[in-house]
Each structure stands twice: as C-alpha cells, then as structure tokens.
Amino acid sequence: MAFPKDFLWGAATSSYQIEGAWNTDGRGETVWDRFCHTVPSKVANRDSGDVACDHYHRYREDVALMCQIGLQAYRFSVAWSRVLPEGIGPVNKKGLDFYSRLVDELLAAGIQPYLTLYHWDTPQALQDRGGWANPASVQWFAEYTDVMTRYLGNRVQNWTTHNEPWIVAFVGYFYGGHPPGMTDLTTAYQVAHHLLLAHGAAAPIIRQNVPNSRLGISLNLNPIYPGAPETEHLSAAFRQDGFLNRWMLDPLFKGVYPADMVSLVEPYLPPIDLTTVQSAAVPLDFLGVNYYLRNVVLHDDNELPLRLRHIMPEDAQKTALGWEIFPEGLTALLVRLQQDYAPAAMYITENGSAFDDQVLADGTVNDPQRIAYFESHLAALEQAIEQGAAVKGYFAWSLMDNFEWSHGYDKRFGLIYVDYTTQKRTLKQSALYYRDKIRG
Ligand code: IFM
Numbered sequence: 004m005a006f007p008k009d010f011l012w013g014a015a016t017s018s019y020q021i022e023g024a025w026n027t028d029g030r031g032e033t034v035w036d037r038f039c040h041t042v043p044s045k046v047a048n049r050d051s052g053d054v055a056c057d058h059y060h061r062y063r064e065d066v067a068l069m070c071q072i073g074l075q076a077y078r079f080s081v082a083w084s085r086v087l088p089e090g091i092g093p094v095n096k097k098g099l100d101f102y103s104r105l106v107d108e109l110l111a112a113g114i115q116p117y118l119t120l121y122h123w124d125t126p127q128a129l130q131d132r133g134g135w136a137n138p139a140s141v142q143w144f145a146e147y148t149d150v151m152t153r154y155l156g157n158r159v160q161n162w163t164t165h166n167e168p169w170i171v172a173f174v175g176y177f178y179g180g181h182p183p184g185m186t187d188l189t190t191a192y193q194v195a196h197h198l199l200l201a202h203g204a205a206a207p208i209i210r211q212n213v214p215n216s217r218l219g220i221s222l223n224l225n226p227i228y229p230g231a232p233e234t235e236h237l238s239a240a241f242r243q244d245g246f247l248n249r250w251m252l253d254p255l256f257k258g259v260y261p262a263d264m265v266s267l268v269e270p271y272l273p274p275i276d277l278t279t280v281q282s283a284a285v286p287l288d289f290l291g292v293n294y295y296l297r298n299v300v301l302h303d304d305n306e307l308p309l310r311l312r313h314i315m316p317e318d319a320q321k322t323a324l325g326w327e328i329f330p331e332g333l334t335a336l337l338v339r340l341q342q343d344y345a346p347a348a349m350y351i352t353e354n355g356s357a358f359d360d361q362v363l364a365d366g367t368v369n370d371p372q373r374i375a376y377f378e379s380h381l382a383a384l385e386q387a388i389e390q391g392a393a394v395k396g397y398f399a400w401s402l403m404d405n406f407e408w409s410h411g412y413d414k415r416f417g418l419i420y421v422d423y424t425t426q427k428r429t430l431k432q433s434a435l436y437y438r439d440k441i442r443g
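With our numbering applied, the sequence shown corresponds to residues 4 to 443, in that order.
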C-alpha cells in the first residue's frame, strides 16, 4: 500500500463507552446513565457504562498500549457532564483535570489528541429541559465549547464538535433505540436542526480560543445502492441518501437543506425557519467520515415517509452485528464526497468491525476476520486516495472493546481485548497487524 508519508494513523473511542467512573469526582448524570439504569430492557444484558473499561482510572496504561501499537493520533471524546455536571453553570475542576492529565500523557507519548466535544452523552440535567429539542441547546453547547477550548486550547489543536449527529437525532428521537427513546419524527428533525446550529455556534469559539485550531465534525455516512435496476429503486436510493447523508452534508457544506427532501418530509418538519441552518456552513478544516456499511434499498409504497425498505444482499458477508462487509462502499463514498462537497480534508474517524473474540489458552486473541476487514478497507481507502479523495488519516474503531450502546458489552470492536471482570487488556492479533501497517 502506498499511503502518503504524512498520513496519520490513529484509533478512536468515546467517553461513555470506555471511561466508567460514572459518579466519581463530581461527574453529573448523563442521558446514557439514566437510560441504562431506568430502561434496562433497551440495553443487552442490562449492561451500563458504570464501569466500562475503567479508563478514567487506567488511562496511563491505555496510553502505554497505544504506544505499543504505534498510534500517531488518538481520537477521544469529553464527557460534557464531567466538566459541567449540570451541563451549564459551575465547572467541575476535577473533571477538567482528568482530560488535562490524559492530554498531557498523550503529548508526552508523542500521540496527537483529536478531541470530540460531543459523542452522545448529553448531561441529564439538560435533557430534563428538553435536551437538543430545546432551542437553548445551541447556547448550552457554545458555553461548554468555550470552557473546553479555554482550558485545553493550548495543548489540543484538533477539535471535532459532534460525533454522528444524525444518530443522536434519529436513533434517539425517531427510532427510539437510544436515549431519550422517543419515536417522533418531527422532534427528530428539530433535534437535527439544533445540532447543526450548535456546530455552527461552536466554530467561531474554537477558532478564537485555540491558536492554529483545526475544526471538524464526524458524520455517519453510508453509500446507498438500489436493490434492483428499475428507475423507481434508483429514486428510492436517492431518497435514502437524502434522508441519511445529504440532510447533514448539504447544510454543512452548502448552508441549505436538500430541497427534494424538504418537500418529501414537509408534513413532518417542525415549525422552524429552515433557512437558519445557513449558520452551520462554517469552513471546515476536515470532515470526519465514519464508515461501516452500505445501505441497499427498494422502493416500497407502504413504508412512509420515505417509501422504501432496506434489504440485505443474499451473498453478503457480515460482522457479528449483522452489518454487511462492503469495502468497495468506502471508495465510492469518499470519491463521491470529494466530487460533491470538496472538503478541505477528510479523516476516516471511525471504521472497524465487531466479532466474537475469545482469549485462547495461550492468552492470545486471534481475530483474522477483523484483520481481513481492516486489510480490505485500507485497500479501498487507498483506491479512493488514488482517485482524488483528500483523505489525510485513518482512525480504527475502536482502540479497545467497549460499551457498544444498546448491544452492551456483547459486541467487541477493539484492537485491544478487555476482560470486563479483571480489566486485563490484551492486544489482539489485529492490533499487531495494525502496528505493522503503521510501521510500514
Ligand atoms: O460504537 C459506535 C460509536 O460510538 C459511534 N459509531 C459507530 C460505532 C459502532 O457502532
């Protein structure tokens, strides 16, 4: 493989999925704490992030493992309520200090921190006031951004506002699989709107408080394929693309919602001035692309509002989550993003696979399927770069096994195996593969 010499190799995690210490040192409750503790039927095995990988206490060991893999960058998120227990107002110094120690540890190890401000763990105190459905959430996020950038702006250059805002809006408020578990499409659109506005409001604060800042946002993006060649299925694929991809991309890069989708979902839209989304179109230093799978859809008049349904190709290879393994989709997606939106730079901020890993008698974890997944996706990424996609780095998801949201701890994505009883960490074979790839 011939990646550019300055290509950045990293791995990613998020706060709620690894930190644990859910009520330690003044951390405020998050929506995920509340969801796991009060609606356990929505999370496999009644799991929660209460302890997770105990990264809050073991971060030094974890940074040492990053060094063993040879990571050049580490993408992590900040638990908003560790820093501002009520979401706004008084700052919790102990929470800030944790991120300060983590950043210092990374810098001392020569690993660049890529900080995400919001990866789904909304402070519960703000959810009690409506969360992202409340227009005030834009200002709440701006206040939080100001606190974080003033404190870490002298040491962290790369700032991402949101991780996968589409998931927050639509899985949390329409499909109901994430907190707050709502199933109202209108509220989901309202939440998506406020997330976009919050991104736009945070951008000038980051630029002002962080010298030489680099600003990004990470989106979950799936290339969409028609399940059959007829025109109606091509149109269905275009609608799904509008629903999932363009609803976020067009505001961020063009300052408007896609007109075809606005007319299609018009009856479900909240009574807001959609043109205000123009404020989300701030210049980005990079677009974060989280890629796992493609969507294959067929036209279906019975499925409102999009009039389509998803299908799984018969010969599909799948991960333990039942997600189709489709590396070609990564090439197609990146080339399309470059052509349609021309981002200044892109990073693959997440890509990886869940498999049912086991520790063998000799203490090793052999995960050939994950190695094959990385190998094929890195080849697909290289092809995209050759075809002109400005991709500057790759973050494997995930550094270590962790709390996979509604799947609890059942699904393992890590390069590092975590025994949740003993908290023992073991580098999987895929971590050694990745180490060699980085060295190469
Ligand atoms: O674990 C998640 C992550 O938090 C967001 N992107 C997808 C990953 C795998 O489901």
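Heads up, the beta-carbon is just placed ideally off N, CA and C, and yes, glycines get one too.
If you're wondering where the values come from, they're calculated on a predicted model, not measured in any experiment.
Option nearest residue i by Cα separation, candidates the options
| i | options | result |
| --- | --- | --- |
| residue 422 | 360, 82, 352 | 360 |
| residue 420 | 409, 124, 6, 400 | 400 |
| residue 206 | 226, 273, 289, 223 | 289 |
| residue 264 | 192, 79, 387 | 192 |
| residue 93 | 249, 45, 125, 30 | 30 |
| residue 172 | 210, 369, 123 | 123 |
| residue 78 | 242, 195, 8, 165 | 165 |
| residue 375 | 119, 437, 413, 232 | 437 |
| residue 170 | 126, 250, 227, 428 | 250 |
| residue 50 | 425, 410, 427, 442 | 410 |
| residue 141 | 90, 219, 19, 261 | 90 |
| residue 362 | 275, 427, 340, 390 | 427 |
| residue 54 | 32, 23, 36, 46 | 23 |
| residue 150 | 159, 197, 87, 20 | 87 |
| residue 372 | 364, 418, 343, 127 | 418 |
| residue 356 | 282, 366, 330 | 330 |
| residue 344 | 253, 182, 414 | 253 |
| residue 229 | 222, 221, 244, 220 | 244 |
| residue 144 | 159, 112, 209 | 209 |
| residue 306 | 28, 369, 339, 239 | 239 |
| residue 134 | 33, 114, 103, 62 | 33 |
| residue 425 | 25, 61, 13 | 61 |
| residue 182 | 42, 233, 99 | 42 |
| residue 226 | 218, 241, 236, 220 | 241 |
Residue burial classification, residue i (beta-carbon count within 10 angstroms, cutoff 16)
| i | result |
| --- | --- |
| residue 56 | buried |
| residue 70 | exposed |
| residue 313 | exposed |
| residue 110 | exposed |
| residue 168 | buried |
| residue 215 | exposed |
| residue 266 | exposed |
| residue 195 | buried |
| residue 315 | exposed |
| residue 203 | buried |
| residue 431 | buried |
| residue 153 | exposed |
| residue 52 | buried |
| residue 232 | exposed |
Endpoints, the beta strand (DSSP E) within which residue i is located
| i | result |
| --- | --- |
| residue 72 | Residue 72 -> not in any beta strand (DSSP E); alpha helix (DSSP H) instead, spanning 58–72. |
| residue 298 | 298–302 |
| residue 400 | 394–400 |
| residue 251 | Residue 251 -> not in any beta strand (DSSP E); alpha helix (DSSP H) instead, spanning 250–257. |
Range covered by the alpha helix (DSSP H) that runs through residue i
| i | result |
| --- | --- |
| residue 102 | 96–111 |
| residue 387 | 371–389 |
| residue 335 | 331–344 |
| residue 1 | Outside the shown range of the chain (4 to 443) lies residue 1, about which nothing can therefore be said. |
| residue 144 | 140–155 |
| residue 211 | 188–212 |
| residue 11 | Taken as a continuous stretch (DSSP letters only), residue 11 belongs to no alpha helix (DSSP H), being part of the beta strand (DSSP E) at 11–15. |
| residue 119 | Segment 115–121 is the beta strand (DSSP E) holding residue 119; no alpha helix (DSSP H) there. |
| residue 437 | 432–442 |
| residue 238 | 234–244 |
8 Å contact criterion, which residue i and residue j should meet: CB distance rounded
| i | j | result |
| --- | --- | --- |
| residue 383 | residue 333 | 4 Å |
| residue 292 | residue 352 | 6 Å |
| residue 284 | residue 256 | 7 Å |
Residue i: CB within 7 Å of a non-hydrogen atom of the ligand IFM
| i | result |
| --- | --- |
| residue 162 | no |
| residue 416 | yes |
| residue 17 | yes |
| residue 166 | yes |
| residue 407 | yes |
| residue 293 | yes |
| residue 305 | no |
| residue 169 | no |
| residue 354 | no |
| residue 248 | no |
| residue 400 | yes |
| residue 223 | yes |
heavy atom of the ligand FMN below 7 Å from residue i C-beta
| i | result |
| --- | --- |
| residue 20 | In the structure on display, the ligand FMN does not appear, and the ligands it does have are the ligand IFM. |
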